[in-house]
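The listed protein sequences correspond, in order, to chains A, B and C.
Using the numbering used here, read the first sequence as starting at 1 and increasing by one per residue.
Using the numbering used here, read the second sequence as starting at 1 and increasing by one per residue.
Using the numbering used here, read the third sequence as starting at 1 and increasing by one per residue.
No residue lacks a Cβ here, since even glycine has one placed at the ideal position from N, Cα and C.
A quick write-up on the structure given underneath.
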Amino acid sequence: MTLKAVHEAVIGLETHIQLATESKIFCPCKADSWGDPPNTNICPVCSGQPGVLPVLNGKAVELAVILAAAIRADPIQTESYFARKNYFYPDLPKGYQISQYDEPLARGGALEISLPDGSMRRVRIVKLHLEEDAGKTVREARRRLIDFNRCGVPLVEMVTAPDLRTADEATHYLLRLRQLLRWLGVSEADMEKGQLRCDANVSIRPAGTETLNPKTEIKNVNSIDSVRSAIETEIERQSREVEAGRSIEAWTLDWDEEASTLRKMRSKETEADYRYFRDPDLLSLRLDPAWIAEIRSGLPELPLARRARWIEELGLPAYDAGILTEERTLADYYEAAVTAYAVRSSTRGSGGGKLISNWIINDLQRILRERGLTAGQLGLSPEGLADIVHLVETRAITGSTGKDLLEKAHTSRRRPIEIVEAEGLGRVSDDGALREAARLVIENHPDQVATYRNGKATVLGWFVGQVMRQTGGKADAQRTRQILEELLAEGPPPS
Amino acid sequence: MIEDLCDLSGHQIAERIRRREISATEVLDSTFARIHRVDGRSGSLEDRPPDPDEAVHVHAFLELTEELAHRQASQIDSALARGDDPGPLAGVPLAVKDIFCVQGTASTAGSRILANYRAPYSATSVERLVSAGALVVGKVNLDEFTFGSSNESSAFRPTPRNPWEPSRVPGGSSGGSAAAVAAGEAVLSLGTDTSGSIRQPAAFCGVSGLKPTYGRVSRYGLIAFASSLDCPGPIARDVTDLALALGAMSGEDRRDATAAAVPVPDYRASLDQGVRGLRIGISPDAFQLAYPDPTSGEVRTQGVDREMETAVREAVQALQAEGAEIVEGIPLSHARYAIPAYFVISRVEAASNLHRYDGVKYGHRHVGPVSDLRSLYRTTRGEGFGTQVKLRILMGMYVSAAQYEEQFYAQALRVRSLIRRDFEAAFDPHGAYRVHALLGPTTPTAAFPMNELYGDSVLMQLADLLTVPANHAGIPGLSIPCGLSAEGLPLGLQLLGPDFEEGTLFRIGRAYEKATEGEAWRAQRPKVLAG
Amino acid sequence: MDGQAGRQSPTEIPLETFLHLVDLAALELTEDEAEYLRREMNAQLRAIGDLQAIQLSADTPITSHGIPYPRAVRPALRGDHAETFPHADEILAQAPESDGRYIVVPDQPGTDLE
């Protein structure tokens, strides 16, 4: 883990992103085979039978263009091509992968990432292209088991420039990318399901120099944690090699997740041996410039922009803004709740911003976590949340009633105001009712009354708690205290 | 002599079936009787010594699908009984080149590597012909993966012979198709044409064949050779049958992204419009062959056979007499590059298309222990592919290797533009020539003897010199019989037209058929049918 | 690759290149076959030598399919609707070796790094 200060790492990531389509990229098999028995979700096309042809899925193109627009790729090409990358691999049934190559869908662009120290890092994107996924290989002692279910799943490959310097930065890049993909609905980006995969190109160099040394390519890094461990392991290995005076060779390495070790793969064909050429089975992919412009202008506000706007407009702390933009439905929920609250409280902006944030981060997120939901799936609408906060703030209900209401409204899907009315949850500040409750408590607890009257004033808090309990938490605490003081002072002395 | 139903044209059969004069089952019975009489032993992988019996039989079929055909025939007959329309090809016996997948049949591509492969789906063109009423009587032999011009490279032996003279080749790669149609073993065959593989065997066997415009007919289910050149197309005994078959096969297909969205005309409706008003171009380059010498690489020129030239010239006169305007002197000066460009493009695409045959998912796998996966690939492919296939793979790999890609492949694709421009200039309605079609010989010679060229990959390719330019350009080409040589071998003429103008080619072909209806050569029958 | 060699017209395929291609193509060849194939490849190479001689203007476009595909004749991209292929078992039944629903191949060992 400790890289000698004399070296720094240079890391570039190639991510493979499964697009959120219903069907595969070149055939109508369903795209998602998670949990299906092997070789069930296959057809002549994706299993590479003789004589079949690919037909491009229009939705895959649309999602890829949305992603390209979101990273501000320029150009998004109005004409791009699919090539064949020829090599033998048992999970590649055609013996070639159909992938964009020399004329990809898009070039350029960048992904801005915020690092934990608060600084920003701009990671340049070299290119973004469409391709098909290969199948899955299960390794056993002397044989391999092949499953074609995943063959033909639509992927976008997004390649970064070597702009990352530590394993931590690489994991942050992936976290931000995952956030963006889900935000846009381009991919579910679940790494466990292989919807977001990553190959890491790693090299080291003397710190402060600009040289690019031979790099190794680590394949099969399929979780955020393994990205970190695999890169750290490889940086350490390269440092050891260099310090021992050996040179680094451009190997392809395989990350074995279970053993946490790197394994050198059989030296595959070099790039020159893939014999790329344009796939004659597919026409060039032509996109209407007006359609591209429409997608660019129709993009939703992206997480970083929204985060910045909230810090600026709502005076929200960066920490809160970060959490609230983690996920699109949560961010939208927050935004809607703030707007609704502003209407109710007839104040503009800043006041409600932090207030709503507190309610979401402290209370609502617990409900989401416990039940494994996203904000979009809550039974309580953002307007309902605004109502609850407004009721608490105007002292119409108590804070603890408000918290209970979150649960009740989510479960029953009823409006909080209706629940308050139906269940009589309004704050009890009527003197008569409070007086009655206080009298009962005093009557039933002569010992505590005696203690109080003997000078132990702190017992008053206990009396308040008892009244609260009697009223189901609706009692106005301040008024209860006054009434109790009054009653305890005037009552007859203990017998 | 009692007429054999299997010798009728497809349109005659369909009409008589629809009038309920004959049944589809009767047509089948006649066809299978013919097959059993003339076809001899089916091609197989067995290594058997040559047998004198081979020399008098056609050996077109690899597999007969009698059960399937009878099922389809009874569907036709019961559709008629219900009063339903059984389709324009009702009851027409169809032989499918074994490069097409037909669900449930062995689909071998003439290769050992697919000898045990049973397709889990059917090609679009087969499905469409069947739904137009055609009856699949079997799968016919071909050059292995269609790589050849003589049908001698099939792994399944004996390979087909020319019904007109069994010591001669039927041509290739759709040799089984053309031979079967010529011998009355099928009325219609579905073939493929990558450099002339429909037109050349059709010409050699005295039948008619059409290479449609690229994109006219879906390639789905056609086991690929050179994907940018391969075209499925029909082989039949006359132009009318080709028109019916093309009408049934053509059009967009959601399974083929290169099947063009061009409406399919009623080809039959315009068939008999005659040639008055049509301009037919003649190119000197179609009679004078320029080709690279196989040993030196120098360009040589040579005229086509005199008999061939005479027959084609007579056809020109016949069409002129029918009212066509003949335009001489159309230059096709880049046609001479068609073979070298073909050597590059087809090999690159073929090498890639053949990558999938690795013994993992289907087909042949090396039997016996192997040290690792890589050696499984090597032994499987070494045993499964024939020599001509290996040659194409290696050549394709060589010319598409990164360091030569620009020099060879990209250059060949640019040369393809030059070849296409020659045709565009000829057909340009505002250009100097404004022709509706070009006419010339289909092949430089009549069918050559078996074993004469086989093994010399360059000389063999020259058999396609006159046909391959149309594949580069994507344009349609029709070959129809235009006489017999002194030795009694069929001669064929070729008509080439602009993109998607198959209808014009059919019109001209039909006019020629009518003009020469009474010619003595038309009464001749192939040798295997004598006695 | 070496730019100079790239522009020259190779007239013969060197043995080393031939063997590399055979390895890439995963073809086990008999000696006779190898000899025949090399000879024919060299003959084809001479035949295509003619191509290099053609002077093309820089703007000569690449023709990938013969016919052009203007917008009007291009088929639409496929709509994103999933369908189940009903004969997946027939595909699996073709496999030379399988175990349950997996297709089986021999291993290709790699090398562990310490």
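Using the three-state DSSP reduction, which class does A/Lys474 fall into: helix, strand or coil? coil
Could you tell me the boundaries of the alpha helix (DSSP H) in which B/His11 lies? 10-18
What does DSSP give as the partner residue(s) for B/Pro449 in the beta ladder? DSSP, once it has assigned bridges, lists B/Arg168 as partnering B/Pro449.
Rank C/Leu21, C/Ile62, C/Glu83, C/Ile103 by C-alpha distance to the C-alpha of C/Ile91 and give the top, closest one. C/Ile103
With the cut-off set at 9 Å, would you say B/Val187 and B/Ser479 are in Cβ contact? no
How should A/Trp255 be labelled, buried or exposed, when 16 other C-beta atoms within 10 angstroms of its C-beta is the threshold for buried? Per the 10 Å Cβ criterion, buried.
By the 7 Å beta-carbon criterion, what residues does the stretch 262-290 of chain A contribute toward chain B? Those residues of the stretch 262-290 of chain A that come within reach of chain B (Cβ to Cβ, closer than 7 Å) are Ala272, Arg275, Phe277, Pro280, Asp281, Leu282, Leu283.
Using C-beta distances below 8 Å, list every residue in its chain close to A/Ser350, excluding the 5 sequence neighbours before and after it, in chain order. In this prediction, A/Ser350 has a pLDDT of 49, which is less than 50 and means its spatial position is unreliable; nothing more can be read from the coordinates.
Pick from A/Gln466, A/Pro416, A/Ile17: whose alpha carbon is nearest that of A/Ala189? A/Ile17
May I have a chain-ordered list of the beta strand (DSSP E) segments no shorter than 3 residues that lie completely inside the stretch 374-416 of chain B? Fully enclosed beta strand (DSSP E) runs of 3 or longer: not present.
Can you list, in chain order, the residues of the stretch 325-346 of chain A whose Cβ is nearer than 9 Å to any Cβ on chain C? Residues of the stretch 325-346 of chain A with a C-beta atom less than 9 Å from some C-beta of chain C do not occur.
Residue closest to B/Val348, alpha-carbon to alpha-carbon, out of B/Gln72, B/Arg237, B/Ser227: B/Ser227
Strictly below 8 Å CB to CB, what residues from chain A border C/Pro106? Arg142, Arg143, Arg144
Mind checking the stretch 14-36 of chain C against chain B and listing, in chain order, the residues whose C-beta falls within less than 8 Å of any C-beta there? Thr17, Phe18, Leu21, Val22, Leu24, Ala25, Ala26, Leu27, Glu28, Leu29, Glu33, Tyr36
Inter-residue CB distance, B/Ala446 and B/Pro490 (contact presumed, cutoff 8 Å): 7 Å
Can you list, in chain order, the residues of its chain whose CB lies under 6 Å from that of B/Asp422, leaving out five sequence neighbours each side? Leu332, His334
Residues bridged to B/Pro481 by DSSP? Looking at the DSSP output, B/Pro481 shares a beta bridge with B/Gly492.
What residues of chain B sit near C/Gln144, judged by a beta carbon separation below 9 Å? Lying before the first or after the last residue shown, residue 144 of chain C is absent from chain C, which here runs from 1 to 114.
Can you check whether the CB of B/Gly91 is closer than 9 Å to the CB of B/Ile35? no
CB contact below 9 Å: B/Met395 versus chain C: yes
Give the straight-line distance between the Cα atoms of A/Lys24 and B/Pro93, rounded to the nearest whole angstrom. Using only the alpha carbons, I get a separation of about 38 Å.
Compare the Cα-Cα distances from B/Arg507 to each of B/Ile76, B/Ser125, B/Gln317, B/Ala324 and report the closest residue. B/Ala324
Based on the DSSP output, what are the partners of A/Asp199 in its beta bridges? DSSP lists A/Glu14 as partners of A/Asp199.
Near-chain B residues of the stretch 41-64 of chain A - C-beta to any C-beta below 9 Å: Here the close residues are Cys43, Pro44, Val45, Ser47, Gly48, Gln49, Pro50, Gly51, Val52, Leu53, Pro54, Val55, Leu56.
Quick check on A/Thr458: buried or exposed, where buried means 16 or more other Cβ atoms within 10 Å of its Cβ? Exposed.
Which residue or residues does DSSP assign as beta-bridge partners of A/Trp255? A/Leu262
Coil, strand or helix - B/Ile235 by DSSP: Here B/Ile235 carries a strand assignment [DSSP, helix/strand/coil].
Three or more C-beta pairs under 8 Å: does that hold for the stretch 243-250 of chain A against the stretch 24-43 of chain A? no
Give the secondary structure of A/Gly349 by DSSP, where H, G and I count as helix, E and B as strand, and everything else as coil. Model confidence at A/Gly349 stands at a pLDDT of 46, short of 50, so the residue's coordinates are unreliable and nothing is read from them.
Quick one: is the Cβ of B/Asn151 within less than 8 Å of any heavy atom of the ligand ATP? The ligand ATP is absent from the structure shown, which contains no ligand whatsoever.
Identify which residue in A/Val65, A/Gln448, A/Val441, A/Leu174 has its Cα closest to the Cα of A/Ile483. A/Val441
Confirm, please, whether the CB-CB distance from B/Ala236 to B/Val181 is below 9 Å. Yes, the Cβ-Cβ distance between B/Val181 and B/Ala236 is below 9 Å.
Between the beta-carbon of B/Ala463 and the beta-carbon of B/Pro444, is there less than 9 Å? yes
Quick one: Cα of B/Arg254 to Cα of A/Pro50, how far? 18 Å
Using 9 Å as the limit for Cβ to Cβ distance, is C/Pro75 near chain A? Between C/Pro75 and chain A, the shortest Cβ-Cβ separation is below 9 Å.
Short CB-CB distance (under 9 Å) between C/Arg46 and chain B: yes
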